[in-house]
Amino acid sequence: MPRPLVHDRCAGFVVPLFSLRSGRDAGIGEILDLVPLLKWAASFGQGVVQLLPITETVPGEASPYNALSAFAIDPLYLSLHAVPHAPSVAPIDGGAGPLPRSAIRAAKLEALAEAFDTFQSTGRSAARKRLGTFLDTNRDWLDDYALYQALKESFGASAWEDWPAALKRREPQALAQAATRLAARIEFFRYVQWQAVEQWQRVRRAAAAQGVRLMGDLPFVIGRDSADVWARQDEFDSTCSVGAPPDDFSETGQSWNLPMYNWPRVQATNFAWWRRRARHAATLYDLFRIDHIIGFFRSYAIPHDPARPRGFVPAAEPEQQQQGEAFLSAVIEASGDAVPIAEDLGTVPDWVRATLHRRGIPGYKVFRWERGNGTFHDPRTYDPLSVATTGTHDTDTLVEWWSGLAPADRTAALAALGIAANVESSTLSAALHSRIIASLYEAGSALVILPIQDLFGWPDRINVPATPSDQNWNWRMPVPVEQLADDPELRAATAALRQAAVATGRTRES
Numbered sequence: 008m009p010r011p012l013v014h015d016r017c018a019g020f021v022v023p024l025f026s027l028r029s030g031r032d033a034g035i036g037e038i039l040d041l042v043p044l045l046k047w048a049a050s051f052g053q054g055v056v057q058l059l060p061i062t063e064t065v066p067g068e069a070s071p072y073n074a075l076s077a078f079a080i081d082p083l084y085l086s087l088h089a090v091p092h093a094p095s096v097a098p099i100d101g102g103a104g105p106l107p108r109s110a111i112r113a114a115k116l117e118a119l120a121e122a123f124d125t126f127q128s129t130g131r132s133a134a135r136k137r138l139g140t141f142l143d144t145n146r147d148w149l150d151d152y153a154l155y156q157a158l159k160e161s162f163g164a165s166a167w168e169d170w171p172a173a174l175k176r177r178e179p180q181a182l183a184q185a186a187t188r189l190a191a192r193i194e195f196f197r198y199v200q201w202q203a204v205e206q207w208q209r210v211r212r213a214a215a216a217q218g219v220r221l222m223g224d225l226p227f228v229i230g231r232d233s234a235d236v237w238a239r240q241d242e243f244d245s246t247c248s249v250g251a252p253p254d255d256f257s258e259t260g261q262s263w264n265l266p267m268y269n270w271p272r273v274q275a276t277n278f279a280w281w282r283r284r285a286r287h288a289a290t291l292y293d294l295f296r297i298d299h300i301i302g303f304f305r306s307y308a309i310p311h312d313p314a315r316p317r318g319f320v321p322a323a324e325p326e327q328q329q330q331g332e333a334f335l336s337a338v339i340e341a342s343g344d345a346v347p348i349a350e351d352l353g354t355v356p357d358w359v360r361a362t363l364h365r366r367g368i369p370g371y372k373v374f375r376w377e378r379g380n381g382t383f384h385d386p387r388t389y390d391p392l393s394v395a396t397t398g399t400h401d402t403d404t405l406v407e408w409w410s411g412l413a414p415a416d417r418t419a420a421l422a423a424l425g426i427a428a429n430v431e432s433s434t435l436s437a438a439l440h441s442r443i444i445a446s447l448y449e450a451g452s453a454l455v456i457l458p459i460q461d462l463f464g465w466p467d468r469i470n471v472p473a474t475p476s477d478q479n480w481n482w483r484m485p486v487p488v489e490q491l492a493d494d495p496e497l498r499a500a501t502a503a504l505r506q507a508a509v510a511t512g513r514t515r516e517s
């Protein structure tokens, strides 16, 4: 497949991997569920399928933005039916509560341990060669991750900051002794990541065959209890958490309980860790979203000591610009043929967006927020170097947003979209929904990528920021991936979407 150019007009959708369902899953979406999803996406002119982060999360954590590794694919996403000698795992039902991630992960790791034991004794030479290649090419992150996982397991899942001092400080002799003592489990965790990448490469081949580009999502930072922070302690400031100042999501600001970067040290490494992340992302995706791009220019630090003031780091605009430019250079150089896209939402200075544009990095145009003087901006005027959308995983869905609008705002929204319709009803009808999506496809933006809920008028949202809830990060699609192409309601909707994509030059008739 040729390099995905950001100027190519195409359409796509966003769906979390955990939201997929199939007849063979264990209670959560799985890697190989993407194969039929990609075929279905291509059938109605979708050229991009975007996922939320797929990296392994901290135990007990549902948010994919709080991960224990910036690189490791979460084992709970593995499709066991494709792992040689792995016993099947019966679906684990979380009922009306949150997805039972911990139970699913534990069951899959137990099954994978059995497969690993068999592989060690009977593995064929071709498979062993592929494993060896994987180990050689991923050693720069895999060794720390596997040792961290083995140590964490041996200490009852406790955080690395609670480990014995020598291991916490990563004293070489202590690390060497632990590596010898835990050698078998270290090899197992390496094997699990190899299996995940083997399955991911099947997905990439399927995407290429369908002419669909995979898009990933790189969180701004990593969980404090993570292999990366443990391995690179000097690059993080343990006295602060990172967050966001007061904005439309929170009147008081947000503390994400995630570690703050030690920016002078990060810059001294020439952004080595982020270069590694960009190179790794290029092996998984054709495009990738960089979360919270403003944070690389200026991060909002929230000291653990309440006597210390909150504020941006760096504080002055010239230093902010210098840091952001250096970061962008590092990512562009490391990403190869993969295309970085900047999540530039929220309170972002105009000069940051100008910098992104000058560097050829698309930002976002969220229709509901693209407005001024009481009017919405006509999407046809959006810059081609942008991604047009209706919302994000942190917003209410299109149908919820519509129902909460005042009649005057509904009138203004439809006027910007060039739609003449009755706006008295707060219920978004199927016909009007279809017209809104078709109008957004006319946007000047090269890419139109909508949350899958908004694509089909589903009301369920992914996450409510700053609101801990069992409902966050737990939505699953109403139709299994094997049945998407045959569902009567979806067939009518996808026919209209394909027609809109063809009419607006976002796909070609086949």
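Under the numbering used here, the first residue of the sequence shown carries the number 8, and numbering increases by one thereafter.
For each residue, glycine too, the CB sits at the ideal point set by N, CA and C.
{"Item": "Does the pairing of the segment 295-315 with the segment 248-261 give three or more beta-carbon distances under 8 Å?", "Value": "yes"}
{"Item": "Restricting to runs no shorter than 4 residues, where is the alpha helix (DSSP H) found entirely within the segment 213-269?", "Value": "234-238"}
{"Item": "Quick check on DSSP: helix, strand or coil for T382?", "Value": "strand"}
{"Item": "In angstroms, rounded to a whole number, what distance separates the CA positions of T276 and V355?", "Value": "26 Å"}
{"Item": "Would you be able to state if there are at least three C-beta pairs under 8 Å between the segment 329-337 and the segment 385-393?", "Value": "no"}
{"Item": "So, E489 versus G30, is the Cβ gap smaller than 8 Å?", "Value": "yes"}
{"Item": "Does DSSP classify V455 as helix, strand or coil?", "Value": "strand"}
{"Item": "Does the beta-carbon of T125 have 16 or more other beta-carbons within 10 angstroms, so that it is buried, or is it exposed?", "Value": "exposed"}
{"Item": "Verify the contact flag: Q208, CB atom, against every heavy atom of the ligand NAP, threshold strictly below 7 Å.", "Value": "As for the ligand NAP, it is missing from this structure, which has no ligand bound."}
{"Item": "Applying the criterion that 16 or more other CB atoms from any shown protein chain within 10 Å of the CB defines a buried residue, is Q327 buried or exposed?", "Value": "buried"}
{"Item": "With DSSP as the reference, label P11 as helix, strand or coil.", "Value": "Note that P11 has pLDDT 44, beneath the 50 cutoff, so the model's placement of it is unreliable and the number below is only indicative. In this structure, P11 counts as coil in the three-state DSSP scheme."}
{"Item": "What does DSSP give as the partner residue(s) for T396 in the beta ladder?", "Value": "V373"}
{"Item": "Based on the DSSP secondary-structure assignment, which residues constitute the bridge partners of P485?", "Value": "The partner list for P485 (beta bridge, DSSP) is empty, contrary to what the question assumes."}
{"Item": "Kindly indicate which residue of A97, A122, E121 has the alpha-carbon position closest to the one of A110.", "Value": "A97"}
{"Item": "Cα-Cα, which of T290, A173, K136 is closest to R212?", "Value": "T290"}
{"Item": "If we ignore side chains and look at the alpha-carbon of each, how far apart do E377 and F383 end up?", "Value": "6 Å"}
{"Item": "Considering only residues of the segment 127-211, which uninterrupted alpha helix (DSSP H) runs meet the minimum length of 4 residues and lie entirely inside it, listed in chain order?", "Value": "132-161, 172-175, 179-188"}
{"Item": "How many Å lie between G102 and G34 at the Cα?", "Value": "10 Å"}
{"Item": "What is the rounded straight-line gap between the Cα of Q460 and the Cα of E37?", "Value": "19 Å"}
{"Item": "Pick helix, strand or coil for P414, following the three-state DSSP scheme.", "Value": "helix"}
{"Item": "For P66, which residues from the same chain have a beta carbon less than 6 Å from its beta carbon, with the 5 sequence-adjacent residues on both sides left out?", "Value": "A164"}
{"Item": "Bridge partners of R296, per DSSP?", "Value": "D224, I348"}
{"Item": "Can you tell me whether DSSP reads Y84 as helix, strand or coil?", "Value": "helix"}
{"Item": "Between the C-alpha atoms of P252 and I300, what's the straight-line distance to the nearest angstrom?", "Value": "15 Å"}
{"Item": "For E350, which of A413, A361, G370 has the nearest alpha-carbon?", "Value": "G370"}
{"Item": "Do you know offhand how far A153's Cα is from R231's?", "Value": "17 Å"}
{"Item": "In this structure, how does DSSP classify Q328 when only helix, strand and coil are distinguished?", "Value": "helix"}
{"Item": "Mind checking whether R16 and G425 have CB atoms under 8 Å apart?", "Value": "no"}
{"Item": "Below 8 Å, can you find three or more Cβ-Cβ pairs linking the segment 449-460 to the segment 398-405?", "Value": "yes"}
{"Item": "Is DSSP giving N73 helix, strand or coil here?", "Value": "coil"}
{"Item": "Of all the options E449, T246, S95, P107, which has the alpha carbon lying nearest to the alpha carbon of A118?", "Value": "S95"}
{"Item": "Residue range of the alpha helix (DSSP H) that P43 falls in?", "Value": "41-50"}
{"Item": "Taking 8 Å as the cut-off, decide whether the C-beta atoms of L39 and A79 are in contact.", "Value": "no"}
{"Item": "The beta strand (DSSP E) with Q490 in it runs from where to where?", "Value": "Element bounds for Q490: n/a, residue is neither H nor E."}
{"Item": "Could you give the DSSP three-state label for T62: helix, strand or coil?", "Value": "strand"}
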